[in-house]
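First residue of the sequence shown: 600, per this note's numbering; consecutive thereafter.
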Amino acid sequence: MNFEIEESKIIFSGKVFDVMLDKIKYKSTGNNAMREVVIHRGGAVIIAVTQEGKIPLVKQYRYPFDKVLIELPAGKLDAGEDPLVCAARELKEETGYSAKNVKRLGSIYTSPGYSSEELYLFLATELEAGETELEEGEEGMEILELAPEEITQMILNGEIHDAKTIAGLFFYLHSGKGRE
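This is the structure in structure tokens:
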């Protein structure tokens with residue numbers, strides 16, 4: 600690193616994330632700069648595949664964009680929570696499915712320029728249908744079950760903008776075996 604941190608403080612603490620402000624000094628020039636970082640626990644994303652080869656997606660309202668988006672089931676990690684446990688919980692809550700087999704596919708950094716959020720991607724197979732357990736704010740969520748080719752076309756047509764969904768489909772199509 601070509602800088603040193605002179606001061607670091609949390610300037611906002613929220614329910615979902617904190618904001619850290621660092622004052623840094625570049626070693627080569629001695630110039631100072633400020634860095635704002637969103638501190639986030641991360642989350643888990645689950646690519647579930649039915650016996651028919653369909654992938655459940657959810658249509659849900661997203662407040663920052665004031666619109667309904669199409670996404671893979673996902674959720675934020677609780678403090679100290681294993682991402683696999685989070686993925687299985689979110690699959691059940693949002694789609695009603697439980698999986699006999701869940702494997703890690705990889706992880707992504709959502710916005711590395713300003714956020715510490717890392718999302719862990721999982722593949723779920725051998726699904727058992729059940730009832731959803733939607734949380735407050737998820738009322739009206741719809742479930743779509745689509746073939747990978749349909750999802751790919753929706754991404755290319757601009758119908759799916761969600762980065763975790765695009766990355767999840769990529770991982771599924773290109774490393775479908777998962778990691779133990």
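Where is the CB? At the ideal position from N, CA and C, for every residue including glycine.
These numbers come from a predicted model, not from an experiment.
Excluding five sequence neighbours on each side, which residues of the same chain lie with their C-beta closer than 6 Å to the C-beta of residue i?
{"i": "F770", "result": "L704, G705 and L720"}
{"i": "I754", "result": "I765"}
What residue range does the alpha helix (DSSP H) around residue i cover?
{"i": "P672", "result": "Unbroken run through P672: none, as it is neither H nor E."}
{"i": "F664", "result": "Looking at the DSSP string, F664 is not in any alpha helix (DSSP H), and its letter there is neither H nor E."}
{"i": "E748", "result": "P747 to L755"}
{"i": "V684", "result": "P682 to T694"}
DSSP has residue i in a bridge; who is on the other side?
{"i": "Y713", "result": "Y713 pairs with nothing; no bridge assigned."}
{"i": "E741", "result": "K658"}
{"i": "K608", "result": "L620"}
{"i": "A723", "result": "A647 and V701"}
{"i": "E758", "result": "In the DSSP output, where bridge partners are listed per residue, E758 has none listed."}
{"i": "E603", "result": "K624"}
Would you give the residue range spanned by the beta strand (DSSP E) that residue i belongs to?
{"i": "R703", "result": "S697 to Y708"}
{"i": "R634", "result": "N631 to H639"}
{"i": "G767", "result": "It is not in any beta strand (DSSP E) - G767 instead sits in the alpha helix (DSSP H) that spans A762 to S774."}
{"i": "V644", "result": "G642 to A647"}
What does a CB cutoff of less than 8 Å around residue i pick up in its chain, not counting 5 residues either side in sequence?
{"i": "L676", "result": "R640, G641, G642, A643, P682 and C685"}
{"i": "S710", "result": "V637 and E716"}
{"i": "R778", "result": "At R778 the pLDDT is 46, less than 50, meaning the model places this residue with poor confidence and gives no usable figure here."}
{"i": "I750", "result": "I654, L656, I759, T764 and L768"}
{"i": "V648", "result": "I654, L722, A723, T724, L726 and Y771"}
{"i": "N601", "result": "Y625, K626 and S627"}
Looking only at its chain, what residues have a beta carbon closer than 7 Å to the beta carbon of residue i, apart from the 5 residues adjacent to it on each side?
{"i": "E725", "result": "A698, K699 and N700"}
{"i": "K622", "result": "E605, E606, N631 and M633"}
{"i": "A746", "result": "G652 and K653"}
{"i": "F561", "result": "The structure shown has nothing for residue 561, since the chain only spans 600 to 779."}
Any contact of the segment 603 to 613 with the segment 647 to 654, i.e. 3+ C-beta pairs under 8 Å?
no
Pairing CB atoms from the segment 661 to 674 with CB atoms from the segment 756 to 764, are three or more of them under 8 Å?
yes
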